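Written out below as structure tokens is the structure these notes cover.
Number of protein chains: 4
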Amino acid sequence: MTKVVIGVMGAGSATPEDSLLAYQLGKSIAENGWVLLTGGRKAGVMDAASRGAKAAGGLTVGILPSSDTTGISEAVDVPIVTDLGNARNNLNVLSSKVVIACGMGLGTASEVALALKNDKPVILLKQTELTCQFFKSLASDRVYLASDVEEAIVLVKKILRQIPE
Amino acid sequence: MTKVVIGVMGAGSATPEDSLLAYQLGKSIAENGWVLLTGGRKAGVMDAASRGAKAAGGLTVGILPSSDTTGISEAVDVPIVTDLGNARNNLNVLSSKVVIACGMGLGTASEVALALKNDKPVILLKQTELTCQFFKSLASDRVYLASDVEEAIVLVKKILRQIPE
Amino acid sequence: MTKVVIGVMGAGSATPEDSLLAYQLGKSIAENGWVLLTGGRKAGVMDAASRGAKAAGGLTVGILPSSDTTGISEAVDVPIVTDLGNARNNLNVLSSKVVIACGMGLGTASEVALALKNDKPVILLKQTELTCQFFKSLASDRVYLASDVEEAIVLVKKILRQIPE
Amino acid sequence: MTKVVIGVMGAGSATPEDSLLAYQLGKSIAENGWVLLTGGRKAGVMDAASRGAKAAGGLTVGILPSSDTTGISEAVDVPIVTDLGNARNNLNVLSSKVVIACGMGLGTASEVALALKNDKPVILLKQTELTCQFFKSLASDRVYLASDVEEAIVLVKKILRQIPE
């Protein structure tokens, strides 16, 4: 039966704080029995979240922009090789029941916008006031704010209860 | 020889003011001998810009998200049928030498982010302070602000002179 | 109003005979007032067909697999930059009213299969008995055989009369 | 660490013989500890192979052409939602270490061609003489023939030993 997939989006070049947050987030996602989905690269938030999930024995999926698995995070179990470049960002969010943005960059901003465009719920984790205001102005009803991993997980549980199977 | 393609991105549900702006923008793009590229649908900014370009005898390209040409703007000369859904947004910006955002919505926000991610110059035309600040915070060196069509066209000319062939 | 787009698919490494055929085909397509669509690269059938169309004053579109216009045929007027790799093959055929295969290779074989899968009519131009038999066995009603350019053009006209606007 | 993913491609409308073959193939893939990848739909070869893999306790991935999980096989663990239509066929083969074609149709033919174009090894399982000849004529060095599931599994093992990590 289809497993619940939670997507964590974040930049390849992350601050140490964002990486730590991503690691804890990945770990909590795995502890809840959900599959972790990221952009799959051995960099920043993608790698940290995947390592966190593996530390808790979870299953990790990485949707790669490239045409082979070069540069993949070692913590990714199932690589999806797309050769789509940044167009793969739309797949990242479509394949996630809930999208969590951890850290911000141009790729992440495109993923938040695409997720909301595709009617996906998005949790903005520890984002700046500017980021929260911008996305709230475009889709206030599907944007959720969390100030730490615990709050984000509570929100995921709440959202999953509301999504029809 | 390859023609210069200028992309105009904007929501399918546009305000009358945005539609007028898009019409004038499309017209000016055609008057300068550039090809107009939009998302191709018979709605909002896409349709208005295409109609403006045709009024000035220009050539118009529409990159459609769907699997056929149903719902295409009658002012599109060359339809590119992608069946990619919102993943086609990445093609819109990659195929444009310069991207101009006219009006704002989730699709347009994703296109601005994807354009900047792909190192494309983006002109924000008559956007809110919040929108300008958000994208400036992510890529200050490739974001240009214009308050009317004339200013946007001057910026396009300036940017084209700087882009290597 | 939407122009009629005819797609010519063929390998980047073409025999001199295939290139000559592609050149004549591109020329005839332009002489009939149709837009020529190819894979856009400066190689083989794509380049030859585009040069033929330009020699007759036609309009040429090239749907590129890469993330920029490096390697584009100089005879392409409108480059569509996809960064989709071989997934762009599906766009080539979806964007064409009729698909003509000139020369054969793995990319071309995928385009013929995808065209037929998407219910597009396909003309096999001077193909081997094996190729004709294979595709006829999968979709006999949408596969047309032509032994020269003249026959292919007659078939395009016949097919266009049957396609609803 | 990255798991070994084996792709089984086959039509949504399969003969009972092809479905039985696909079921046995999925089962054997799981028994060997490999992840099964299919097109994910609750139809034909995709569904049968996934059910076989689950019967042996394996992990199954389904790369869907649609924008949500409607029509997904209940035997798919991890759905990848692409909204790419038939362009997703390129992802199916890029994400597989080895591609096995079981049954034949237009989608499957495009996947075999795309796999070979992307330099992937392809096993043609119980295909007709015509199909084998056609693909052998285009890429003789990467096309393998198997007359039953056992032979196919032996070939997969042999190919995996030759692929660099």
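Residue numbers (my numbering), protein chains in the order written: chain A, 1 to 165; chain B, 1001 to 1165; chain C, 2001 to 2165; chain D, 3001 to 3165.
Virtual Cβ for every residue (Gly too), placed ideally from N, Cα, C.
This one's a predicted model, so the numbers in the text were calculated from it and none came from an experiment.
Give the straight-line distance between the Cα atoms of A:Cys102 and D:Gly3085, rounded to the nearest whole angstrom. 30 angstroms
Distance cutoff 8 angstroms, beta carbons only. Does D:Gly3071 sit that close to anything in chain B? no
Could you give the C-beta distance for D:Ala3048 and D:Ile3029, rounded to a whole number, given that I count them as a contact under 8 angstroms? No, D:Ala3048 and D:Ile3029 are not in contact; Cβ-Cβ is about 12 angstroms, not under 8 angstroms.
Leaving out five residues before and five after D:Pro3016 in sequence, what residues of the same chain have Cβ atoms less than 6 angstroms from its Cβ? none
Over the uninterrupted beta strand (DSSP E) stretch that includes D:Met3009, give me the two end residues. 3005-3009
By a C-beta neighbour count over all protein chains shown, 10 Å radius and 16 as the cutoff for buried, is A:Arg142 buried or exposed? buried
For the stretch 138-155 of chain A against the stretch 1066-1083 of chain B, are there 3 or more C-beta pairs whose distance is under 8 angstroms? no
Please confirm whether A:Gly85 has its beta-carbon closer than 8 angstroms to some beta-carbon of chain C. yes
Any C-beta of chain A under 8 angstroms from that of D:Ser2951: Absent from the structure is residue 2951 of chain D, since the part of chain D shown begins at 3001 and ends at 3165.
Is D:Gly3044 helix, strand or coil when you go by DSSP? helix
Proximity below 8 angstroms, CB of A:Ile100 to CB of A:Ile72: no
May I ask you to list, following chain order, the residues of the stretch 3118-3132 of chain D that have a beta carbon less than 9 angstroms from some beta carbon of chain C? Asn3118, Thr3128, Leu3130, Thr3131
Leaving out five residues on either side along the sequence, give the residues of the same chain with a beta carbon under 6 angstroms from the beta carbon of D:Gly3013. Going by the sequence as given, residue 3013 of chain D is Ser instead of Gly. Excluding positions up to five away in sequence, the list reads Gly3044.
Taking Cβ positions only, does B:Ser1067 come closer than 8 angstroms to chain D? yes
Alpha carbon of A:Arg41 to alpha carbon of A:Ser95, nearest angstrom: 17 angstroms
From the beta carbon of B:Asn1092, is the nearest beta carbon of chain A less than 8 angstroms away? no
DSSP state of B:Gly1062, grouped into three classes? strand
Please identify the residue among B:Phe1135, B:Asp1119, B:Ile1063 whose C-alpha is closest to the C-alpha of B:Ile1159. B:Asp1119
Would A:Ile80 and D:Leu3091 be called neighbours here (beta carbons separated by less than 8 angstroms)? yes
Looking only at its chain, what residues have a beta carbon closer than 7 angstroms to the beta carbon of C:Thr2069, apart from the 5 residues adjacent to it on each side? Pro2079, Val2081
Beta carbon proximity, D:Asp3148 to chain A, threshold 8 angstroms: no
At the 8 angstroms Cβ level, is D:Gly3107 part of the contact set with chain C, yes or no? yes
What residues are listed by DSSP as bridge partners for B:Ala1152? BP columns for B:Ala1152 are empty, so no partner.
Could you confirm whether any beta carbon from chain D is found closer than 8 angstroms to the beta carbon of C:Leu2064? no
Of the residues B:Thr1038, B:Val1093, B:Glu1111, B:Thr1108, the one placed nearest B:Leu1064, counting alpha carbons only: B:Thr1038
What does a CB cutoff of less than 8 angstroms around B:Thr1128 pick up in its chain, not counting 5 residues either side in sequence? Met1104
So, at 6 angstroms on beta carbons, what are the nonlocal neighbours of A:Pro121 in its own chain, with the 5 sequence-adjacent residues on each side left out? Val98, Arg142, Ile159
B:Ser1140 classed as buried or exposed, judged by whether at least 16 other C-beta atoms fall within 10 angstroms: exposed
Which class does A:Pro79 belong to by DSSP, given the choice of helix, strand or coil? strand
Partners in chain D for C:Leu2138, counting only beta-carbon separations shorter than 8 angstroms: Met3104, Gly3105, Leu3106, Ala3109
Roughly how many angstroms lie between the CA atoms of C:Leu2025 and D:Arg3088, to the nearest whole one? 30 angstroms
Test: A:Leu114 CB closer than 8 angstroms to a CB of chain B: yes
D:Leu3138 and D:Leu3116 look like a contact to me (Cβ under 8 angstroms); what is the Cβ gap, rounded to whole Å? 7 angstroms
Counting along the chain, where does the beta strand (DSSP E) carrying D:Ile3123 start and finish? 3122-3125
Assign C:Leu2084 to one of three DSSP states: helix, strand, or coil. coil
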